[in-house]
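All remarks here apply to the structure that follows.
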Amino acid sequence: MFDLKGKIALVTGASRGLGWAMASSLAQAGATVILNGRDVQALEQRCADLTARGWSAEVEAFDVTHEEVAVQAVAAIGRKHGRLDIVVLNAGIQHRKPIREFETADFRRVLDTNLTAVWMLAREAARLMIPAKRGRIIVTGSISAIAARPTISAYIASKGAVHALTRELAVELAKEGITVNAIAPGYFATEMNTALIDNVEFNDWVCKRTPAARWGKPEELGPACVFLASDEASFVNGHVLVVDGAFTAAM
Numbered sequence: 046m047f048d049l050k051g052k053i054a055l056v057t058g059a060s061r062g063l064g065w066a067m068a069s070s071l072a073q074a075g076a077t078v079i080l081n082g083r084d085v086q087a088l089e090q091r092c093a094d095l096t097a098r099g100w101s102a103e104v105e106a107f108d109v110t111h112e113e114v115a116v117q118a119v120a121a122i123g124r125k126h127g128r129l130d131i132v133v134l135n136a137g138i139q140h141r142k143p144i145r146e147f148e149t150a151d152f153r154r155v156l157d158t159n160l161t162a163v164w165m166l167a168r169e170a171a172r173l174m175i176p177a178k179r180g181r182i183i184v185t186g187s188i189s190a191i192a193a194r195p196t197i198s199a200y201i202a203s204k205g206a207v208h209a210l211t212r213e214l215a216v217e218l219a220k221e222g223i224t225v226n227a228i229a230p231g232y233f234a235t236e237m238n239t240a241l242i243d244n245v246e247f248n249d250w251v252c253k254r255t256p257a258a259r260w261g262k263p264e265e266l267g268p269a270c271v272f273l274a275s276d277e278a279s280f281v282n283g284h285v286l287v288v289d290g291a292f293t294a295a296m
């Protein structure tokens, strides 16, 4: 069950945090994982970590916001492997400012990475998947699109749009044998959240607000990604899978 042997998977933002956790889980399940990010050295180290365990991995470094480069990179993957079975669109950024201090340029920068790049790479993945009549597109959403909090307006806007985009693409691509789903993580102990974890007041709030009474561990997200990427999830489509220790279920 959940065997991904022979599958080709591209994971964006794969050098750390949740992207690395999902990439590791996909590789462990048997997929050849193509690690994407901007830090070539970090990606090569991660690739070496996977291959040292006997798993299959490659590096494809590019900035997801540079459309021409990204389009060429995905096409190159298609030429090399003959197909692309799974794409995990995880690359994302955050910018924390009260709305009165938030610059338009920063708002656009967040949306360019978290939304526009997701749409563009989903399009390129679909172009490779449609001829095969099979594919899995998995997008990293966020519980912030469900339960908002202050000072992250651009991030919340981008993730809310990503959830909506997931549903639209699922409806559009279902007849092509492609499923499109999102994973909405809760509060996970990642590098991106280091400042929040170190903030005693915020850390205390997360632990009290989350019924599990703790931050999530990145490795707890990987299996959800493997499931959505698997043949067993062929009728799961247009779904936002919340992985949050019951945060959004609680009053």
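Residues in the sequence shown are numbered consecutively from 46, following our numbering. Glycine included, C-beta positions come from ideal geometry on N, C-alpha and C.
- Judged by pairs of C-beta atoms under 8 Å, the stretch 222–241 touches the stretch 270–287, as three or more such pairs exist.
- Taken through DSSP and simplified to helix, strand or coil, P263 comes out as helix.
- In the DSSP secondary-structure assignment, R181 is bridged to I131 and T224.
- Going by beta carbons, F292 and G231 fall inside the 9 Å limit.
- DSSP lists I228 as the beta-bridge partner residues of L286.
- In the DSSP assignment, A102 falls within the beta strand (DSSP E) that extends over A102 to V104.
- In the structure shown, T77 falls within a strand segment according to DSSP collapsed to helix, strand and coil.
- R254 and F147 have their C-alpha atoms spaced approximately 27 Å apart.
- Looking at the DSSP output, F233 sits in a beta bridge with G261.
- A contact between stretches requires three or more CB pairs, one per stretch, nearer than 8 Å, and the stretch 155–175 meets this requirement with the stretch 124–134.
- Your pair A190 and A229 checks out as a contact, with CB atoms roughly 7 Å apart and the cut at 8 Å.
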